[in-house]
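A quick write-up on the structure given underneath.
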Amino acid sequence: MCHLKATLAPASHASTPATVSPMSSDGSIRIWPVPGLPEIEAGADLAEMIHAQCVAAETDLVDGDVVIVTSKIVSKAEGACIELDDIVPSPFAASWSEAWEKDPRVVEVVLRESRRIVRQLGPVLITETHHGFVCANSGVDQSSSGAHDRIVVLPKDPDASARRMRARFNDLGVNVAVLISDTFGRPWREGQTDICVGLAGMHPMRSYIGEVDPHGHEFKVQELCVVDEVTAAAELVKGNTSRIPVAVVSGVDFTFDDDATMAPVLRDISRDLFR
(Lines of atoms letter the chains of each structure in order from A; the text may use other names.)
(Lines give C-alpha, C1' and ligand atoms only; values in the text may rest on other atoms or scores of the structure.)
Protein backbone atom coordinates (compact mmCIF):
# COMPACT_ATOMS: atom_id res chain seq x y z
CA MET A 649 0.00 0.00 0.00
CA CYS A 650 1.27 3.46 -0.83
CA HIS A 651 0.92 6.12 1.87
CA LEU A 652 1.10 9.73 0.77
CA LYS A 653 0.70 12.55 3.26
CA ALA A 654 -1.02 15.68 2.00
CA THR A 655 -2.71 18.45 3.92
CA LEU A 656 -5.61 20.07 2.10
CA ALA A 657 -6.96 23.49 2.99
CA PRO A 658 -10.67 23.84 3.78
CA ALA A 659 -12.75 23.89 0.62
CA SER A 660 -14.83 26.79 -0.62
CA HIS A 661 -17.94 25.75 -2.53
CA ALA A 662 -20.64 27.68 -4.28
CA SER A 663 -23.42 25.58 -2.77
CA THR A 664 -24.02 24.25 0.71
CA PRO A 665 -22.62 20.71 0.86
CA ALA A 666 -25.14 17.97 1.52
CA THR A 667 -22.45 15.50 2.50
CA VAL A 668 -18.74 16.00 3.09
CA SER A 669 -16.34 13.09 2.93
CA PRO A 670 -14.47 12.40 6.18
CA MET A 671 -10.96 13.84 6.16
CA SER A 672 -8.34 11.90 8.11
CA SER A 673 -7.53 13.28 11.53
CA ASP A 674 -3.92 14.09 10.60
CA GLY A 675 -4.69 15.54 7.16
CA SER A 676 -3.11 12.60 5.31
CA ILE A 677 -4.48 10.60 2.41
CA ARG A 678 -3.95 6.92 1.61
CA ILE A 679 -3.67 5.47 -1.88
CA TRP A 680 -3.73 1.78 -2.69
CA PRO A 681 -4.05 -0.32 -5.86
CA VAL A 682 -6.80 -2.86 -6.50
CA PRO A 683 -4.99 -5.89 -7.98
CA GLY A 684 -6.43 -9.14 -9.25
CA LEU A 685 -8.99 -7.91 -11.76
CA PRO A 686 -9.35 -10.28 -14.74
CA GLU A 687 -9.27 -9.28 -18.40
CA ILE A 688 -12.36 -7.13 -18.84
CA GLU A 689 -15.00 -8.21 -21.34
CA ALA A 690 -18.03 -6.37 -22.67
CA GLY A 691 -20.85 -6.31 -20.13
CA ALA A 692 -18.59 -6.64 -17.08
CA ASP A 693 -19.93 -5.21 -13.81
CA LEU A 694 -16.86 -3.18 -12.89
CA ALA A 695 -18.19 -1.86 -9.59
CA GLU A 696 -19.05 -5.35 -8.35
CA MET A 697 -15.66 -6.69 -9.45
CA ILE A 698 -13.77 -3.83 -7.78
CA HIS A 699 -15.82 -4.16 -4.60
CA ALA A 700 -15.18 -7.91 -4.46
CA GLN A 701 -11.43 -7.49 -4.95
CA CYS A 702 -11.27 -4.91 -2.18
CA VAL A 703 -13.08 -7.28 0.18
CA ALA A 704 -10.79 -10.16 -0.81
CA ALA A 705 -7.72 -8.02 -0.12
CA GLU A 706 -9.17 -6.87 3.22
CA THR A 707 -9.09 -3.26 2.05
CA ASP A 708 -12.84 -2.76 2.12
CA LEU A 709 -14.23 0.40 0.58
CA VAL A 710 -15.79 2.84 3.05
CA ASP A 711 -18.00 5.88 2.65
CA GLY A 712 -16.01 8.85 1.39
CA ASP A 713 -13.42 6.85 -0.55
CA VAL A 714 -12.60 7.85 -4.13
CA VAL A 715 -12.35 5.04 -6.70
CA ILE A 716 -10.21 5.83 -9.75
CA VAL A 717 -10.82 3.60 -12.77
CA THR A 718 -8.72 3.60 -15.95
CA SER A 719 -10.82 4.55 -18.97
CA LYS A 720 -9.62 1.54 -20.96
CA ILE A 721 -11.42 -1.01 -18.79
CA VAL A 722 -14.54 1.18 -18.78
CA SER A 723 -14.42 1.20 -22.58
CA LYS A 724 -13.93 -2.56 -22.71
CA ALA A 725 -16.85 -3.15 -20.34
CA GLU A 726 -19.02 -0.91 -22.52
CA GLY A 727 -17.91 -2.53 -25.76
CA ALA A 728 -16.08 0.58 -27.01
CA CYS A 729 -13.58 -1.47 -28.99
CA ILE A 730 -13.19 -1.30 -32.76
CA GLU A 731 -12.03 -4.06 -35.08
CA LEU A 732 -9.64 -2.51 -37.58
CA ASP A 733 -10.68 -4.98 -40.27
CA ASP A 734 -14.07 -3.22 -40.31
CA ILE A 735 -12.57 0.23 -41.01
CA VAL A 736 -12.33 1.72 -44.50
CA PRO A 737 -9.91 4.68 -44.44
CA SER A 738 -10.89 7.98 -46.01
CA PRO A 739 -8.62 9.50 -48.69
CA PHE A 740 -7.18 11.92 -46.12
CA ALA A 741 -6.42 9.13 -43.65
CA ALA A 742 -4.81 7.06 -46.40
CA SER A 743 -2.68 9.95 -47.67
CA TRP A 744 -1.57 11.14 -44.23
CA SER A 745 -0.79 7.60 -43.10
CA GLU A 746 1.35 6.93 -46.16
CA ALA A 747 3.37 10.08 -45.54
CA TRP A 748 4.09 9.18 -41.91
CA GLU A 749 4.05 5.36 -42.05
CA LYS A 750 0.96 4.98 -39.90
CA ASP A 751 -1.85 2.43 -40.11
CA PRO A 752 -4.53 4.26 -42.16
CA ARG A 753 -7.29 2.40 -40.32
CA VAL A 754 -6.10 3.71 -36.97
CA VAL A 755 -5.85 7.24 -38.36
CA GLU A 756 -9.40 6.94 -39.68
CA VAL A 757 -10.65 5.99 -36.20
CA VAL A 758 -8.75 8.93 -34.70
CA LEU A 759 -10.50 11.26 -37.15
CA ARG A 760 -13.92 9.74 -36.48
CA GLU A 761 -13.45 10.16 -32.73
CA SER A 762 -12.63 13.86 -33.11
CA ARG A 763 -14.56 17.07 -33.64
CA ARG A 764 -11.57 18.60 -35.37
CA ILE A 765 -7.81 18.54 -35.72
CA VAL A 766 -6.29 21.17 -33.42
CA ARG A 767 -2.64 20.75 -34.49
CA GLN A 768 -0.83 18.59 -37.00
CA LEU A 769 2.95 18.45 -36.80
CA GLY A 770 4.80 15.64 -38.51
CA PRO A 771 3.33 12.31 -37.36
CA VAL A 772 1.52 13.91 -34.42
CA LEU A 773 -2.21 14.64 -34.49
CA ILE A 774 -3.62 16.75 -31.66
CA THR A 775 -7.39 16.58 -31.81
CA GLU A 776 -10.44 17.76 -29.93
CA THR A 777 -12.64 14.79 -29.10
CA HIS A 778 -16.43 14.79 -29.18
CA HIS A 779 -16.29 15.14 -25.39
CA GLY A 780 -14.25 18.36 -25.69
CA PHE A 781 -10.91 16.90 -24.59
CA VAL A 782 -7.81 18.12 -26.43
CA CYS A 783 -5.29 15.29 -26.67
CA ALA A 784 -3.13 13.22 -28.97
CA ASN A 785 -4.94 10.86 -31.34
CA SER A 786 -8.40 11.41 -29.82
CA GLY A 787 -7.45 9.15 -26.93
CA VAL A 788 -7.40 6.11 -29.24
CA ASP A 789 -5.34 3.31 -27.69
CA GLN A 790 -3.90 0.17 -29.28
CA SER A 791 -2.13 -1.20 -26.20
CA SER A 792 -3.72 -3.97 -24.11
CA SER A 793 -6.74 -4.04 -26.39
CA GLY A 794 -6.99 -7.82 -26.27
CA ALA A 795 -6.25 -8.40 -29.97
CA HIS A 796 -3.67 -7.22 -32.50
CA ASP A 797 -6.18 -5.63 -34.88
CA ARG A 798 -8.43 -4.11 -32.24
CA ILE A 799 -8.27 -0.64 -30.72
CA VAL A 800 -9.98 0.94 -27.74
CA VAL A 801 -11.63 4.35 -27.87
CA LEU A 802 -12.72 6.56 -24.99
CA PRO A 803 -16.12 5.87 -23.42
CA LYS A 804 -18.91 7.65 -25.26
CA ASP A 805 -20.03 9.53 -22.11
CA PRO A 806 -17.48 9.11 -19.30
CA ASP A 807 -19.58 11.08 -16.79
CA ALA A 808 -22.51 8.73 -17.39
CA SER A 809 -20.17 5.75 -17.04
CA ALA A 810 -18.95 7.08 -13.69
CA ARG A 811 -22.51 7.72 -12.51
CA ARG A 812 -23.52 4.16 -13.30
CA MET A 813 -20.57 2.79 -11.34
CA ARG A 814 -21.25 5.10 -8.41
CA ALA A 815 -24.89 3.96 -8.33
CA ARG A 816 -23.76 0.34 -8.40
CA PHE A 817 -21.38 0.94 -5.49
CA ASN A 818 -24.31 2.46 -3.62
CA ASP A 819 -26.27 -0.73 -4.32
CA LEU A 820 -23.38 -2.62 -2.73
CA GLY A 821 -23.65 -0.48 0.39
CA VAL A 822 -20.87 2.07 0.05
CA ASN A 823 -21.04 5.78 -0.81
CA VAL A 824 -17.97 6.62 -2.90
CA ALA A 825 -16.97 9.06 -5.62
CA VAL A 826 -15.85 7.61 -8.95
CA LEU A 827 -13.26 9.16 -11.26
CA ILE A 828 -12.40 7.80 -14.71
CA SER A 829 -8.80 8.40 -15.74
CA ASP A 830 -6.81 8.58 -18.94
CA THR A 831 -3.20 9.48 -19.71
CA PHE A 832 -2.69 12.83 -21.45
CA GLY A 833 0.28 14.96 -22.37
CA ARG A 834 0.60 18.46 -20.90
CA PRO A 835 1.25 21.78 -22.62
CA TRP A 836 4.59 23.37 -21.73
CA ARG A 837 5.92 20.22 -20.03
CA GLU A 838 7.42 16.90 -21.09
CA GLY A 839 5.93 13.64 -19.91
CA GLN A 840 2.39 12.44 -19.46
CA THR A 841 0.12 12.22 -16.44
CA ASP A 842 -3.23 10.72 -15.65
CA ILE A 843 -6.11 13.18 -15.65
CA CYS A 844 -9.81 12.84 -14.99
CA VAL A 845 -12.06 12.37 -18.03
CA GLY A 846 -15.26 11.38 -16.24
CA LEU A 847 -16.59 11.75 -12.72
CA ALA A 848 -19.49 11.11 -10.39
CA GLY A 849 -20.11 12.25 -6.85
CA MET A 850 -17.24 14.73 -6.49
CA HIS A 851 -17.28 18.43 -7.29
CA PRO A 852 -14.31 18.78 -9.67
CA MET A 853 -12.97 22.19 -8.67
CA ARG A 854 -11.94 23.85 -5.43
CA SER A 855 -12.03 27.64 -5.52
CA TYR A 856 -10.02 29.88 -3.24
CA ILE A 857 -11.18 33.06 -4.97
CA GLY A 858 -12.13 35.65 -2.36
CA GLU A 859 -10.27 33.88 0.43
CA VAL A 860 -7.25 35.44 2.12
CA ASP A 861 -3.79 33.90 2.54
CA PRO A 862 -1.86 34.06 5.87
CA HIS A 863 -0.31 37.38 4.77
CA GLY A 864 -3.64 39.04 4.06
CA HIS A 865 -3.53 38.78 0.27
CA GLU A 866 -6.86 37.95 -1.36
CA PHE A 867 -6.88 35.18 -3.95
CA LYS A 868 -8.16 36.47 -7.30
CA VAL A 869 -7.85 33.49 -9.65
CA GLN A 870 -6.82 30.48 -7.57
CA GLU A 871 -8.81 27.37 -8.47
CA LEU A 872 -7.60 23.81 -8.09
CA CYS A 873 -8.82 20.95 -10.25
CA VAL A 874 -9.15 18.47 -7.41
CA VAL A 875 -10.26 15.57 -9.61
CA ASP A 876 -7.11 15.85 -11.74
CA GLU A 877 -4.92 16.00 -8.63
CA VAL A 878 -6.50 12.87 -7.13
CA THR A 879 -6.39 11.04 -10.46
CA ALA A 880 -2.71 11.83 -11.01
CA ALA A 881 -1.82 10.70 -7.49
CA ALA A 882 -3.66 7.42 -8.01
CA GLU A 883 -1.58 6.65 -11.12
CA LEU A 884 1.48 6.26 -8.90
CA VAL A 885 0.15 2.89 -7.69
CA LYS A 886 -1.34 1.79 -11.02
CA GLY A 887 1.10 2.30 -13.89
CA ASN A 888 0.84 1.30 -17.54
CA THR A 889 2.64 -2.05 -17.29
CA SER A 890 1.49 -3.41 -13.92
CA ARG A 891 -1.99 -4.40 -15.16
CA ILE A 892 -3.59 -2.64 -12.21
CA PRO A 893 -6.27 -0.36 -13.70
CA VAL A 894 -7.97 0.70 -10.46
CA ALA A 895 -6.85 2.53 -7.33
CA VAL A 896 -8.59 3.86 -4.23
CA VAL A 897 -7.84 7.10 -2.40
CA SER A 898 -9.13 7.67 1.11
CA GLY A 899 -8.96 10.72 3.35
CA VAL A 900 -9.56 13.28 0.59
CA ASP A 901 -11.53 16.29 1.81
CA PHE A 902 -14.24 16.88 -0.79
CA THR A 903 -17.93 17.62 -1.11
CA PHE A 904 -20.22 14.95 -2.52
CA ASP A 905 -22.05 16.41 -5.51
CA ASP A 906 -24.60 14.20 -7.24
CA ASP A 907 -24.88 16.68 -10.13
CA ALA A 908 -21.14 17.03 -10.77
CA THR A 909 -19.81 16.71 -14.32
CA MET A 910 -16.58 17.40 -16.18
CA ALA A 911 -18.03 20.59 -17.69
CA PRO A 912 -16.33 23.04 -15.26
CA VAL A 913 -12.94 21.50 -16.08
CA LEU A 914 -13.10 22.06 -19.85
CA ARG A 915 -11.89 25.53 -20.76
CA ASP A 916 -14.11 27.38 -23.20
CA ILE A 917 -12.39 28.05 -26.51
CA SER A 918 -12.99 31.80 -26.06
CA ARG A 919 -10.62 31.68 -23.05
CA ASP A 920 -8.10 29.31 -24.58
CA LEU A 921 -5.03 31.20 -25.82
CA PHE A 922 -3.66 28.22 -27.74
CA ARG A 923 -6.56 27.05 -29.90
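So the numbering used here is basically just the index in the sequence shown, starting at one, shifted up by 648. The beta carbon of each residue, even a glycine, is placed where N, CA and C say it ideally should be.
Unbroken alpha helix (DSSP H) runs of length 4 or more, entirely within the stretch 741 to 780: which are they? 752 to 760
Quick check: the Cα distance between GLN768 and PHE904, rounded to an integer number of angstroms? 40 Å
Could you tell me which of ASN785, ARG811, PHE817 sits nearest to LEU802, measuring between CA atoms? ASN785
Let's see if you can read the secondary structure: which residues bound the alpha helix (DSSP H) around SER723? 719 to 725
Ignoring anything shorter than 3 residues or poking outside the stretch 824 to 873, list the beta strand (DSSP E) runs there in chain order. 825 to 834, 837 to 850, 853 to 855, 871 to 873
Buried versus exposed call for HIS796 [16 or more other C-beta atoms within 10 Å across all chains shown]: exposed
Closer than 8 Å to chain D by CB, GLU859: Annotation note: the requested chain D is absent from the structure, which comprises a single protein chain.
May I ask you to verify whether the stretch 730 to 745 touches the stretch 682 to 698, counting CB pairs closer than 8 Å and requiring at least 3? no
Return yes when the Cβ of VAL800 is within less than 8 Å of the Cβ of LYS720, no when it is not. yes
Round the Cβ separation of VAL722 and ILE828 to the nearest angstrom and send it over; I've been treating them as touching at under 8 Å. 6 Å
Could you compute how far the alpha carbon of GLY780 sits from the alpha carbon of LEU773? 15 Å
Buried or exposed: which applies to SER791, given that a residue is buried once 16 or more other Cβ atoms fall within 10 Å of its Cβ? exposed
Are there 16 or more other CB atoms within 10 angstroms of the CB of HIS865, so buried, or fewer, so exposed? exposed
Could you have a look at ILE892 and say whether DSSP puts it in helix, strand or coil? coil
Opening and closing residue of the alpha helix (DSSP H) in which VAL703 lies: 694 to 704
In its own chain, which residues sit with a C-beta less than 8 Å from the C-beta of PRO912, not counting the 5 before and 5 after it? PRO852, MET853
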